[in-house]
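Here is the structure we will look at.
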Amino acid sequence: METGPAPLVAPPRRHGAPAAPSPPPRGSRAGPVVVVAPGPPVTTATSAPVTRVAPGEAQPAWLPEPAPSSATAATGSTGGVHTLEASPDAPKTQTPVRAAAAAAAETETAGASGTEPLKTEAARTSPVPGPGTPTGTPTRTPSRTAPGALTAKPPLAPKPGTTVASGVTARGTAGQVMISGNGAARATSASTGQALEDPSGPVTRPPETCEAPVAVVTVTPAPEPAENFQDLGSTSSLGPGISGPRGQAPDTLSYLDSVSLMSGTLESLADDVSSLGSDSEINGVVLRKTDKYGFLGGSQYSGSLAKAWQYLSNSKEFLEQNPGKFEELERAPGDPKWLDVIEKDLHRQFPFHEMFAARGGHGQQDLYRILKAYTIYRPDEGYCQAQAPVAAVLLMHMPAEQAFWCLVQICDKYLPGYYSAGLEAIQLDGEIFFALLRRICPLAHRHLRRQRIDPVLYMTEWFMCIFARTLPWASVLRVWDMFFCEGVKIIFRVALVLLRHALGSVEKLRSCQGMYETMEQLRNLPQQCMQEDFLVHEVTSLPVTEALIERENAAQLKKWRETRGELQYRPSRRLHGSRAIHEERRRQQPPLGPSSSLLSLPGLKSRGSRAAGGAPSPPPSARRASAGPVPGAVVTAEGLHPSLPSPTGNSTPLGSSKEMRRQEKERQKQEKEQEKERQKQEKEQEKERQKQEKERQRQEKERQKWEKEQEKEQQKQEKKGQGRKLSLRRKADGPPVPQDGDRPSATEARQDAYF
Amino acid sequence: MAETYDFLFKFLVIGSAGTGKSCLLHQFIENKFKQDSNHTIGVEFGSRVVTVGGKTVKLQIWDTAGQERFRSVTRSYYRGAAGALLVYDITSRETYNSLAAWLTDARTLASPNIVVILCGNKKDLDPEREVTFLEASRFAQENELMFLETSALTGENVEEAFLKCARTILNKIDSGELDPERTGSGVQCGDASLRQLRQPRSAQAVAPQPCGC
Numbered sequence: 001m002e003t004g005p006a007p008l009v010a011p012p013r014r015h016g017a018p019a020a021p022s023p024p025p026r027g028s029r030a031g032p033v034v035v036v037a038p039g040p041p042v043t044t045a046t047s048a049p050v051t052r053v054a055p056g057e058a059q060p061a062w063l064p065e066p067a068p069s070s071a072t073a074a075t076g077s078t079g080g081v082h083t084l085e086a087s088p089d090a091p092k093t094q095t096p097v098r099a100a101a102a103a104a105a106e107t108e109t110a111g112a113s114g115t116e117p118l119k120t121e122a123a124r125t126s127p128v129p130g131p132g133t134p135t136g137t138p139t140r141t142p143s144r145t146a147p148g149a150l151t152a153k154p155p156l157a158p159k160p161g162t163t164v165a166s167g168v169t170a171r172g173t174a175g176q177v178m179i180s181g182n183g184a185a186r187a188t189s190a191s192t193g194q195a196l197e198d199p200s201g202p203v204t205r206p207p208e209t210c211e212a213p214v215a216v217v218t219v220t221p222a223p224e225p226a227e228n229f230q231d232l233g234s235t236s237s238l239g240p241g242i243s244g245p246r247g248q249a250p251d252t253l254s255y256l257d258s259v260s261l262m263s264g265t266l267e268s269l270a271d272d273v274s275s276l277g278s279d280s281e282i283n284g285v286v287l288r289k290t291d292k293y294g295f296l297g298g299s300q301y302s303g304s305l306a307k308a309w310q311y312l313s314n315s316k317e318f319l320e321q322n323p324g325k326f327e328e329l330e331r332a333p334g335d336p337k338w339l340d341v342i343e344k345d346l347h348r349q350f351p352f353h354e355m356f357a358a359r360g361g362h363g364q365q366d367l368y369r370i371l372k373a374y375t376i377y378r379p380d381e382g383y384c385q386a387q388a389p390v391a392a393v394l395l396m397h398m399p400a401e402q403a404f405w406c407l408v409q410i411c412d413k414y415l416p417g418y419y420s421a422g423l424e425a426i427q428l429d430g431e432i433f434f435a436l437l438r439r440i441c442p443l444a445h446r447h448l449r450r451q452r453i454d455p456v457l458y459m460t461e462w463f464m465c466i467f468a469r470t471l472p473w474a475s476v477l478r479v480w481d482m483f484f485c486e487g488v489k490i491i492f493r494v495a496l497v498l499l500r501h502a503l504g505s506v507e508k509l510r511s512c513q514g515m516y517e518t519m520e521q522l523r524n525l526p527q528q529c530m531q532e533d534f535l536v537h538e539v540t541s542l543p544v545t546e547a548l549i550e551r552e553n554a555a556q557l558k559k560w561r562e563t564r565g566e567l568q569y570r571p572s573r574r575l576h577g578s579r580a581i582h583e584e585r586r587r588q589q590p591p592l593g594p595s596s597s598l599l600s601l602p603g604l605k606s607r608g609s610r611a612a613g614g615a616p617s618p619p620p621s622a623r624r625a626s627a628g629p630v631p632g633a634v635v636t637a638e639g640l641h642p643s644l645p646s647p648t649g650n651s652t653p654l655g656s657s658k659e660m661r662r663q664e665k666e667r668q669k670q671e672k673e674q675e676k677e678r679q680k681q682e683k684e685q686e687k688e689r690q691k692q693e694k695e696r697q698r699q700e701k702e703r704q705k706w707e708k709e710q711e712k713e714q715q716k717q718e719k720k721g722q723g724r725k726l727s728l729r730r731k732a733d734g735p736p737v738p739q740d741g742d743r744p745s746a747t748e749a750r751q752d753a754y755f
Numbered sequence: 001m002a003e004t005y006d007f008l009f010k011f012l013v014i015g016s017a018g019t020g021k022s023c024l025l026h027q028f029i030e031n032k033f034k035q036d037s038n039h040t041i042g043v044e045f046g047s048r049v050v051t052v053g054g055k056t057v058k059l060q061i062w063d064t065a066g067q068e069r070f071r072s073v074t075r076s077y078y079r080g081a082a083g084a085l086l087v088y089d090i091t092s093r094e095t096y097n098s099l100a101a102w103l104t105d106a107r108t109l110a111s112p113n114i115v116v117i118l119c120g121n122k123k124d125l126d127p128e129r130e131v132t133f134l135e136a137s138r139f140a141q142e143n144e145l146m147f148l149e150t151s152a153l154t155g156e157n158v159e160e161a162f163l164k165c166a167r168t169i170l171n172k173i174d175s176g177e178l179d180p181e182r183t184g185s186g187v188q189c190g191d192a193s194l195r196q197l198r199q200p201r202s203a204q205a206v207a208p209q210p211c212g213c
């Protein structure tokens, strides 16, 4: 069973990657799709008209030039004009390709796919209508329907349910199947040239389209996170909030998936192989060809992934509420102390990724902008070299401004203090990690302790770069997905899994007699344990919970204070994942009220919806256009530029009528807002009350847990007296984590068996 | 050639960010210049067996991150190092200015007797030089360091730097200044079998305090 579905399962992740092997999805996925065919001037006939509307987010700054061969998506045979439009919030491009064009493209793709890679690339892009429009019909807006609409749609429907419940595997299979089904349907329709698939909808709704993708979050649920997911799930009901795992990606993604599933499993497999290594593993052989992740050549970031990360981290909101802030930071003169170091590092990030390969190229420029902006945004933190790889990974998936806010969220919320002077937070986490290792893999723990190998010796790079320089790329993306959803816990778990497999058996330890050998072993981790499927499975089944980490955190902090005194730097509280971030946000919302009203409508609205939903839901404002009379929207859609590029920019071709509509909308909006405001307040109060109650309950639980532990501790102590060996082993096991049930003990039993 | 060696030395490569520490290491281990490298976060390492003064010595080299804020983390690597390459960039005065701090770190955290060689790297970029040879050699003299200007790009003096450092350590062992048996000396003797074999011959005059090798 495992083998069979494997290819199927794989696709979900591929979301993240710019690319499913199959042509159509790829392009679409790649937000601002520009396929930059890495190769030599493949600038085939096609390169002509890729019109990029609205520079909004979708516009990848580097797009235009990056590829030596600006073989941008070419419509080749079709010759149709491709409009890649970036809607304000959605990097997803919606390409209103004429139906005919689409069809043609599709055929073309099919033909091309088998052939030479470069060509395929080109073909891929061209056919790709847009995220939502796999078929290429202008009308179809399947994916991007408004929240409510989402459910109605066939592809979307599956999502809510699945998301919440499914474990990794389940998700993979079930979700996939469904998707594939949809896909098939779609595909057929596409081939026939039928335009309308979208049952629910008004034929074209540009803006929302973009939103939909947002909803797709490819997160892998960990075992315990049930709560998280529920939460997320509930949000999704509000709108396309965060949905579950990739497999179920509702809208667009599902379409893409389906298409990709149908068209290219084999290819995808091949792709996987090619992408096995992260840049570090690629040795300088630069073929002018990229793998699907953009290494060694280059392709684009994937819109869906970007959306998911932005919503999960809530960086999206920061972006919306701080229009122009990034530019402002960019213009400010930076501290030369930081700028020097940043400049030195620019060419040292993923040198085998197309985006960053060229000195002074777009990737490096953007990297500079982001890193510099951060030093100005947080002058107290400045620049840490480990931020560069993180920023680079973000840049591979989203334009600079979005990436900046995402970085801010990572540094402030997910991993506060990691990059601050002194690196105390990372050292503290090292200690926490070591304590957790004692529970999870006593054998490795003992070995490392005997060799006097401090955790910081091996985990610094793992944690600070969130494994971006350690794991194969497919796994990196997967881990990042999980990380954005569930926070630092994922990093701990991945590290524990890696250690367990690197040093978890007696034979392995035998070859690591000294410190150096051990370090070497940790440097050259077994390939198998880093493979996406394996790793994710292990990670999700590891009984390391937030509560456990927090408890260890307290214990180690105490120890730290006893031995080293107070922490020099006190970072803000670490938030465990998306849910915590959004909860905090909600708590802080009131004070932000007034300022937001000054901001663009999108911000306001999104706030409202979020407050109501509690989870990140796309700002309704994005759906602005659609909010208007449906017929109007349809009309617009028939134009060449159905989607609205950015909330602020005036992208609409139909000027006057739009104007009127807008005014009207404006009025409606205001009314709605007032109402919402009222509702929100009420809801917030209620929530506040509920939260407090929950908090109380939790605290009580914690106390109980603690007491239990104490008891166990005592028992242990008693047992210790009975026999040394016995006690040693017991100790290694550590007090079982309450939530984990007997899992840990099972693991440990296995470990012990090695003796 | 299985791991047979007479001694094993632990080396450090330290210095400010962007001075070419990793490239020096790479050049020494692989004999080529690493064109596209990541910057070091935490630590990198490598080892190579060399022959110095008739002895085979395995060098275990730990290459550390250069940015100031990583110092608190990289300190863990210093323990038990016998030698160190202290690297600065001849085209950057700033990296030269921070040498004293690095040196203090090495002497306090590794061992006061650690053998340090100062390396002015990027010798190939002579036109952009900001630190003169004279100036640096004076600094070296004052602080009892050896000194070389190196180029990780061309490979010039790279091997020499490591070998020179190793030779000095060997001499210290021979002169009894450094006791390999002492833990934390950064020196280990070769494997036990080798030691046994050599036992009879170990009367060598060279080593007043033979480690048994």
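Just so you know, the protein sequences line up as chains E and Z, in that order. For the first sequence, full-length UniProt numbering assigns the number 1 to the initial residue and increments by one for each residue that follows. For the second sequence, full-length UniProt numbering assigns the number 1 to the initial residue and increments by one for each residue that follows. The beta carbon of each residue, even a glycine, is placed where N, CA and C say it ideally should be.
Coarse secondary structure for residue i, derived from DSSP in three states
i	result
T64(Z)	strand
T51(Z)	strand
C465(E)	coil
residue 214(Z)	Residue 214(Z) cannot be examined here, being either before or after the span of chain Z that is shown, 1 to 213.
residue 772(E)	Because chain E spans 1 through 755 in this model, residue 772(E) falls outside it and cannot be assessed.
L148(Z)	strand
V536(E)	helix
E131(Z)	Looking at the sequence provided, one finds Val at residue 131(Z) rather than Glu. Residue state, collapsed to three classes: coil.
E566(E)	coil
E30(Z)	helix
E343(E)	helix
residue 813(E)	Lying before the first or after the last residue shown, residue 813(E) is absent from chain E, which here runs from 1 to 755.
Buried or exposed (CB count within 10 angstroms, at least 16 for buried), residue i
i	result
T51(Z)	exposed
N524(E)	exposed
D179(Z)	exposed
W309(E)	buried
D126(Z)	exposed
W473(E)	buried
F133(Z)	exposed
P41(E)	Reliability of the predicted coordinates at P41(E) is poor, the pLDDT of 35 falling under 50, and no value is obtained from them.
V506(E)	exposed
R439(E)	buried
Cross-strand partners of residue i (DSSP beta bridge)
i	result
Y88(Z)	G120(Z)
L542(E)	In the DSSP output, where bridge partners are listed per residue, L542(E) has none listed.
K58(Z)	L8(Z), V49(Z)
C189(Z)	F7(Z)
G176(Z)	According to DSSP, G176(Z) bridges with nothing at all.
G15(Z)	V87(Z)
Short Cβ contact (8 Å threshold) for residue i with residue j
i	j	result
L339(E)	R69(Z)	no
V13(Z)	D63(Z)	yes
A388(E)	L395(E)	no
G66(Z)	C165(Z)	no
E160(Z)	L145(Z)	no
G487(E)	H576(E)	yes
N143(Z)	S151(Z)	no
T91(Z)	K55(Z)	no
L312(E)	F484(E)	yes
Query raised in the report: Counting only runs that start and end within the stretch 413–461 of chain E, where is the beta strand (DSSP E) found for 3 or more residues in a row?
Result: none
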